[in-house]
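Let me begin by presenting the structure, written as structure tokens, before commenting on it.
There are 2 protein chains.
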Amino acid sequence: MKFSVITIGREYCSGGLDIARKVAANLGAPMYDKELITLAAKESGLSEQAIAAGEKRPSGSLLYNLYTMGSDLPLSDQVFVVQSQIIRQLADKGPCVIVGRCGDYVLRGRADVLRVFLHAPLEFRRRRALAEGAVPAEADERTANALLEKEDRRRAAYYNFYSEFRWGEAGHYDLCLNTALGDEVCADLILRAAQG
Amino acid sequence: MKFSVITIGREYCSGGLDIARKVAANLGAPMYDKELITLAAKESGLSEQAIAAGEKRPSGSLLYNLYTMGSDLPLSDQVFVVQSQIIRQLADKGPCVIVGRCGDYVLRGRADVLRVFLHAPLEFRRRRALAEGAVPAEADERTANALLEKEDRRRAAYYNFYSEFRWGEAGHYDLCLNTALGDEVCADLILRAAQG
Numbered sequence: 324m325k326f327s328v329i330t331i332g333r334e335y336c337s338g339g340l341d342i343a344r345k346v347a348a349n350l351g352a353p354m355y356d357k358e359l360i361t362l363a364a365k366e367s368g369l370s371e372q373a374i375a376a377g378e379k380r381p382s383g384s385l386l387y388n389l390y391t392m393g394s395d396l397p398l399s400d401q402v403f404v405v406q407s408q409i410i411r412q413l414a415d416k417g418p419c420v421i422v423g424r425c426g427d428y429v430l431r432g433r434a435d436v437l438r439v440f441l442h443a444p445l446e447f448r449r450r451r452a453l454a455e456g457a458v459p460a461e462a463d464e465r466t467a468n469a470l471l472e473k474e475d476r477r478r479a480a481y482y483n484f485y486s487e488f489r490w491g492e493a494g495h496y497d498l499c500l501n502t503a504l505g506d507e508v509c510a511d512l513i514l515r516a517a518q519g
Numbered sequence: 324m325k326f327s328v329i330t331i332g333r334e335y336c337s338g339g340l341d342i343a344r345k346v347a348a349n350l351g352a353p354m355y356d357k358e359l360i361t362l363a364a365k366e367s368g369l370s371e372q373a374i375a376a377g378e379k380r381p382s383g384s385l386l387y388n389l390y391t392m393g394s395d396l397p398l399s400d401q402v403f404v405v406q407s408q409i410i411r412q413l414a415d416k417g418p419c420v421i422v423g424r425c426g427d428y429v430l431r432g433r434a435d436v437l438r439v440f441l442h443a444p445l446e447f448r449r450r451r452a453l454a455e456g457a458v459p460a461e462a463d464e465r466t467a468n469a470l471l472e473k474e475d476r477r478r479a480a481y482y483n484f485y486s487e488f489r490w491g492e493a494g495h496y497d498l499c500l501n502t503a504l505g506d507e508v509c510a511d512l513i514l515r516a517a518q519g
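Heads up: the protein sequence lines correspond to chains H and E, in order. When we follow our numbering, the leftmost residue of the first sequence carries the number 324, and every step to the right adds one. When we follow our numbering, the leftmost residue of the second sequence carries the number 324, and every step to the right adds one.
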């Protein structure tokens, strides 16, 4: 296989995590997402709660500021540095699928990394969000869209802040897919591309 | 096949035309690119030269202004309208591959259209441009890059002007590919995606 490490960025509720699981299962390789937080916490001595707070707040808030007291680097930057080290270690260890966390940027310059971005029309994601309980069942269309777009903005802000790139711009990825094509089709296409 | 019409947008010298040809050959379907100009010319009564001039100059220039004298719509808009009609007629006729000309936007809302965007790193495209004679053999790296980027800007400006979208933003396409993956791989992936 030409690309043994697959990074997957994704819009909120595009089904990226399900597709990443299918790809990882097919490869017999581990997938890392929230697990990264746990690993990072163990590695760095920062508590899981602190890391979760740092990820959610790239800019100041009372809770955030309480965590960062007495540190040279802002907490979110500490978290990013630690997670980046861990992503590089994981990629060195062997084939794997890394979801989110600017994985494509952290591993830039490596020839064995396939960089994937998954997205879908808002309507498609709203249906998926409702089915998965990611938005309240009683939310009307406008409220649900606002929730999806807010989470997308958070992801874009995180990516655009820590990378030199622009989240969701095709040129920074090897393969971008509309997940409305279907989870199976997307997983197939990623696996085909990874073969080289 | 789920998608019988494939539209392909592409960065300059990304190899998009070669890949489009492979896809069309595999499908046994026609591919339309510059042919569209000829068709549009015959259909509209505008001369081929006038259409070529209109496409190259979405904004004013002496030559452009000479062509547009005595017409209600700017020439570039007339060309766009005529080409859009023709693209819709071609898509209605049967399976085909349409390269450039905002095909994805013109055919928006149709469920049988797979929207593809092809791109590649500048270094890769520079090598391809030199091999294909698209930039002069004696051009240094900086000059060659400038030529490639200028043509990309022209394509982006055309697309962004006539569509509501942003050229090369993953969310507006079903499939975006880095052609450095290889022409064969890209053609395979497009055909696989088109099957649905």
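Glycine included, every Cβ here is placed at the ideal spot set by N, Cα and C. Note that this is a predicted model, so its numbers are computed, not measured.
Contacts with chain E at 8 Å (Cβ-Cβ) do not include Tyr428 (chain H). Of all residues in the region 483-497 of chain E, those with a C-beta nearer than 8 Å to a C-beta of chain H are Gly491, Glu492, Ala493, Gly494, Tyr496, Asp497, reading in chain order.
Contact check for Ala347 (chain H) and Pro444 (chain H): beta-carbon distance about 26 Å, past the 8 Å limit, so the pair fails to qualify. Along the region 497-514 of chain E, the positions whose C-beta sits under 7 Å from a C-beta of chain H are Asp497, Leu498, Cys499, Leu500, Asn501, Leu504, Val508, Asp511, Leu512, read in chain order. Here Val439 (chain E) really is in contact with Leu498 (chain E); their C-beta atoms are around 5 Å apart, less than 8 Å. A buried status is given to Asp427 (chain H), since no fewer than 16 other beta-carbon atoms sit within 10 Å of its beta-carbon. Between Ala414 (chain H) and the set H:Met354, H:Phe447, H:Gly491, the nearest pair of CA atoms involves H:Met354. At least one beta carbon of chain E lies nearer than 8 Å to the beta carbon of Phe440 (chain H). Beta-bridge partners of Ile329 (chain H) (DSSP): H:Val420, H:Leu437. The beta carbons of Arg515 (chain E) and Asp511 (chain H) sit closer together than 8 Å.
Around the CB of Glu334 (chain H), 16 or more other CB atoms lie within 10 Å, so the residue is classed as buried. Taking 8 Å as the cut-off, the beta carbon of Leu441 (chain E) is found closer than this to the beta carbon of Ser337 (chain E).
Taken through DSSP and simplified to helix, strand or coil, Leu500 (chain H) comes out as strand. In this structure, DSSP gives Tyr335 (chain E) a state outside helix and strand, which the three-state scheme calls coil. Among the residues of chain E, those whose CB is under 9 Å from the CB of Gly519 (chain H) are Leu504, Gly505, Val508, following chain order.
The three-state reading of DSSP puts Glu487 (chain E) in coil, since its state is none of H, G, I, E or B.
Here Ile331 (chain H) is not near Val404 (chain H), since their CB atoms are 8 Å or more apart.
Pairing Ala493 (chain H) with Gly491 (chain E) gives a Cβ-Cβ distance under 8 Å. Between Arg431 (chain E) and Gln406 (chain E), the C-beta gap is not smaller than 8 Å, which leaves the two residues out of contact.
Listed by position along chain E, the residues whose Cβ is nearer than 7 Å to that of Ala516 (chain H) are Leu504, Val508, Leu512. The alpha-carbon of Glu455 (chain H) is positioned some 55 Å away from that of Gly368 (chain E). The Cβ atoms of Gly519 (chain H) and Val508 (chain E) lie closer than 8 Å to each other.
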